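Accompanying notes for the structure given below.
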Amino acid sequence: MLPRGIIPLIGLRPVSLGIRPSFVCSSQRRELASAEVLPQLTKDRYPHVKRGEYAKLDQHHLGFFKDLLGPDRVITDPSDCEGFNVDWIRNVRGYSQCVLKPKTTEEVSKILSFCNDNRVAVCPQGGNTGLVGGSVPVFDEVVLWTGLMNNVMSIDETSGALVCQAGCILEHLDNQLAEKNLMMPLDLGAKGSCHIGGNVSTNAGGLRLLRYGNLHGTVLGVEAVKADGEIIDCLSTLKKDNTGYHLKHLFIGSEGTLGIITKIAIQCPPKPKAVNLAFLGLKSFENVLKILKKAKKDLGEILSSCEMIDESSLESVTENLKLKSPLSIHPFYMLVETHGSNKEHDEEKMNKFLEDVMEEGLALDGTTTNEPSKMKAIWDLRESITEGLMKDGYAFKYDISLPTKHFYSLVPVLRERVGDIAQRVCGYGHVGDGNIHLNVTTRKFSQEMLDKIEPFVFEYTSKLRGSVSAEHGIGFKKTKYVHFSKSKESIALMKKLKAMMDPNGILNPYKVLPC
Ligand code: FAD
Ligand code: MLT
Ligand code: ZN
1108 MLPRGIIPLI
1118 GLRPVSLGIR
1128 PSFVCSSQRR
1138 ELASAEVLPQ
1148 LTKDRYPHVK
1158 RGEYAKLDQH
1168 HLGFFKDLLG
1178 PDRVITDPSD
1188 CEGFNVDWIR
1198 NVRGYSQCVL
1208 KPKTTEEVSK
1218 ILSFCNDNRV
1228 AVCPQGGNTG
1238 LVGGSVPVFD
1248 EVVLWTGLMN
1258 NVMSIDETSG
1268 ALVCQAGCIL
1278 EHLDNQLAEK
1288 NLMMPLDLGA
1298 KGSCHIGGNV
1308 STNAGGLRLL
1318 RYGNLHGTVL
1328 GVEAVKADGE
1338 IIDCLSTLKK
1348 DNTGYHLKHL
1358 FIGSEGTLGI
1368 ITKIAIQCPP
1378 KPKAVNLAFL
1388 GLKSFENVLK
1398 ILKKAKKDLG
1408 EILSSCEMID
1418 ESSLESVTEN
1428 LKLKSPLSIH
1438 PFYMLVETHG
1448 SNKEHDEEKM
1458 NKFLEDVMEE
1468 GLALDGTTTN
1478 EPSKMKAIWD
1488 LRESITEGLM
1498 KDGYAFKYDI
1508 SLPTKHFYSL
1518 VPVLRERVGD
1528 IAQRVCGYGH
1538 VGDGNIHLNV
1548 TTRKFSQEML
1558 DKIEPFVFEY
1568 TSKLRGSVSA
1578 EHGIGFKKTK
1588 YVHFSKSKES
1598 IALMKKLKAM
1608 MDPNGILNPY
1618 KVLPC
């Protein structure tokens, strides 16, 4: 058996990797450095989107909010509002003059009932890490921030059911669960900032969907408040409950357009006793697919993640963020992780898998470890790509599902199409789930670049029967392109549902549904 630690597979030097703190986005700190350039206002960058006939904030509205929440939980100072108006990737910017910070479901209910009666538009916001412009106002919608709704109600150590308020930060939940040998069923680079309510509202996927499934499966129940203030209690903790329509699914992934999620019950798996991580360097995408197939077959029930990074994506973190890679430069990289319950058995399986992969020439180089700090350092390389790309200037982000054999095909096609006007065209993501993150970066936003990419990327995806949004959602930025992945009839039904649940259209207007 091979000794553990960082194990050189072929002549690799063990490299000491710096450990980064968990991702905390600036919106979490709720301040924008004054030197940072703000993006153009959304209303100016997208002039075809017109403000709806909503009320403009006045003293009557503010008086109501302050009576309900007290002055400290109604933010009106423009500089304090700024962090809530700009999304984390600096793509969009609204100009809300009011941020509300409720603590309870009843407060959310009273706010929405009042806003509905007075036609005040509302933008729900959690950790503000969303990547499609859904979490910030387009115009002057009032922001309803869930950060103070952060209580854990219960953890059932036998069933694994966790019940909590929507504003709990994903990583905090995971830390609390770890004390009981449980874990959250989802994990993503934004875990230090995103809220579980935001995760459920976007149906976030993340790094281990391959193993633990998506939130439509793991969320047991939700409590949500409709636009008129009515509280819908579907907060079941039961695994099996076929009593009529499963209303929770309406709120999962509807991005705050059908209701505000206030509480969540979620099924949490046991924390694995044995974790192994391999980081591999490869010469071709063809070999990425061969390794994926082999990992599924040979690692079977212990495979917990299978991610891909191309050379340019990794370069964005090694060059822009100065993170160190333990491998030399290769066209492609993969992270293959196992979660299991038997250390010896899992190590043996992983080692055999890696030996085979090297012997068959599928990987050129690699390293494997089960030391938490070293695994974290390798995961940091993958999870920091979003931030690394931002350092290029502006990132045009696409989050696409494609049939596996076409997974990487758009990257070279787009590289050719956009030519030298791009800083970088790269692809990385959840290859185990057929979900690639295709990114094009430029120094700053450019309409010329946008026109070169869109609708081309969506047409290409649609022709291959892919999805134009695999996990980030539609938000503000993709409403025009929903039809590439949804039929006319499906869109019509979605609009009818919206009209029924939010007849005045006060909840997150201009998002998800095409105008
Ligand atoms: P926000 O950004 O605040 O909101 C997202 C949407 O949900 C908005 O439309 C908002 O109006 C709505 N919303 C928020 N809270 C509520 C609520 N309580 N009720 C109703 N509506 C609400 N996404 C993935 O799927 N997989 C990944 O691997 C992944 N990795 C990421 C890595 C980084 C570094 C970053 C910056 C983002 C990543 N994302 C990923 C995108 C993002 O983190 C997720 O979409 C996340 O789930 C958003 O949570 P949030 O609390 O930040 O929500
Ligand atoms: C990821 O998987 O890293 C995220 O979804 C974020 C991104 O697309 O940049
Ligand atoms: Zn992702």
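Each residue of the sequence shown is one higher than the last, beginning at 1108 in this note's numbering. No residue lacks a Cβ here, since even glycine has one placed at the ideal position from N, Cα and C. In this text, all values refer to a predicted model and were calculated from it rather than measured experimentally.
Residue nearest to residue i in terms of C-alpha spacing, selected from the options
{"i": "D1340", "options": "N1349, V1382 and V1329", "result": "V1329"}
{"i": "I1367", "options": "L1345, D1335, Q1374 and K1347", "result": "D1335"}
{"i": "V1395", "options": "K1431, E1454 and L1469", "result": "L1469"}
{"i": "F1591", "options": "G1612, F1565, I1613 and D1247", "result": "F1565"}
{"i": "N1611", "options": "G1190, T1211 and A1228", "result": "A1228"}
{"i": "E1451", "options": "L1342, E1337 and N1477", "result": "N1477"}
{"i": "R1197", "options": "M1601, S1516, D1499 and D1527", "result": "D1499"}
{"i": "V1245", "options": "A1331, P1146 and K1333", "result": "P1146"}
{"i": "C1413", "options": "S1419, S1220 and K1401", "result": "K1401"}
{"i": "E1625", "options": "G1234, P1185, L1496 and G1407", "result": "This structure gives no information on residue 1625, because the portion of the chain shown stretches from 1108 to 1622."}
Beta-bridge partners of residue i, as assigned by DSSP
{"i": "G1580", "result": "Answer is none; G1580 lacks a bridge partner."}
{"i": "I1262", "result": "L1269"}
{"i": "W1195", "result": "Answer is none; W1195 lacks a bridge partner."}
{"i": "T1183", "result": "None, per the DSSP bridge assignment."}
{"i": "V1249", "result": "V1229"}
{"i": "Q1374", "result": "A1268"}
{"i": "V1206", "result": "I1182 and V1250"}
First and last residue of the uninterrupted alpha helix (DSSP H) at residue i
{"i": "R1489", "result": "P1479 to E1490"}
{"i": "Q1554", "result": "Q1554 to I1560"}
{"i": "D1340", "result": "Taken as a continuous stretch (DSSP letters only), D1340 belongs to no alpha helix (DSSP H), being part of the beta strand (DSSP E) at I1338 to C1341."}
{"i": "H1356", "result": "K1355 to F1358"}
{"i": "T1309", "result": "I1303 to T1309"}
{"i": "V1532", "result": "Where V1532 is concerned, there is no enclosing alpha helix (DSSP H), although the beta strand (DSSP E) it sits in stretches over R1531 to H1537."}
Span of the beta strand (DSSP E) around residue i
{"i": "F1503", "result": "Y1501 to S1508"}
{"i": "D1417", "result": "L1410 to D1417"}
{"i": "F1386", "result": "A1381 to L1389"}
{"i": "Y1617", "result": "Looking at the DSSP string, Y1617 is not in any beta strand (DSSP E), and its letter there is neither H nor E."}
{"i": "A1331", "result": "V1326 to V1332"}
{"i": "V1547", "result": "N1542 to T1549"}
{"i": "M1441", "result": "F1439 to G1447"}
{"i": "D1472", "result": "D1472 to T1476"}
{"i": "K1298", "result": "K1298 -> no beta strand (DSSP E), and no H or E assigned at all."}
Rounded Cβ spacing between residue i and residue j (contact assumed at less than 8 Å)
{"i": "K1390", "j": "H1437", "result": "7 Å"}
{"i": "E1362", "j": "S1308", "result": "6 Å"}
{"i": "C1670", "j": "L1289", "result": "Given that the chain is displayed from residue 1108 to residue 1622, the structure contains no residue 1670 and the question cannot be resolved."}
{"i": "L1545", "j": "Y1505", "result": "4 Å"}
{"i": "V1249", "j": "C1222", "result": "7 Å"}
{"i": "I1359", "j": "L1327", "result": "Actually they do not touch by this definition, with Cβ atoms about 11 Å apart."}
{"i": "Y1617", "j": "V1156", "result": "6 Å"}
{"i": "I1492", "j": "S1423", "result": "6 Å"}
{"i": "K1370", "j": "L1342", "result": "5 Å"}
{"i": "G1305", "j": "G1237", "result": "7 Å"}
Through-space distance from residue j to residue i, alpha-carbon basis
{"i": "R1180", "j": "C1205", "result": "10 Å"}
{"i": "H1553", "j": "K1585", "result": "The sequence shown places Ser at residue 1553, rather than the His named in the question. Approximately 17 Å, taken between the alpha carbons."}
{"i": "F1563", "j": "C1533", "result": "16 Å"}
{"i": "L1314", "j": "D1540", "result": "9 Å"}
{"i": "V1259", "j": "C1271", "result": "4 Å"}
{"i": "E1214", "j": "L1176", "result": "8 Å"}
{"i": "K1380", "j": "L1284", "result": "14 Å"}
{"i": "W1252", "j": "D1405", "result": "45 Å"}
{"i": "L1317", "j": "T1445", "result": "11 Å"}
{"i": "L1410", "j": "T1183", "result": "49 Å"}
{"i": "E1286", "j": "I1598", "result": "44 Å"}
{"i": "G1536", "j": "M1415", "result": "5 Å"}
{"i": "A1484", "j": "E1490", "result": "10 Å"}
{"i": "M1608", "j": "T1364", "result": "9 Å"}
{"i": "D1472", "j": "L1442", "result": "12 Å"}
{"i": "T1474", "j": "P1433", "result": "8 Å"}
{"i": "N1615", "j": "K1602", "result": "14 Å"}
{"i": "C1132", "j": "A1297", "result": "Because the pLDDT of C1132 is 48, which lies under 50, any placement of that residue in the model is unreliable, and the number read from its coordinates should be weighed accordingly. Looking at the two C-alpha atoms, the distance is approximately 8 Å."}
{"i": "D1294", "j": "H1167", "result": "42 Å"}
{"i": "L1139", "j": "E1494", "result": "Caution is warranted here: a pLDDT of 47 is assigned to L1139, below 50, making its placement in the model unreliable, and the coordinate value is therefore given only provisionally. If I take the Cα positions, the gap works out to 16 Å."}
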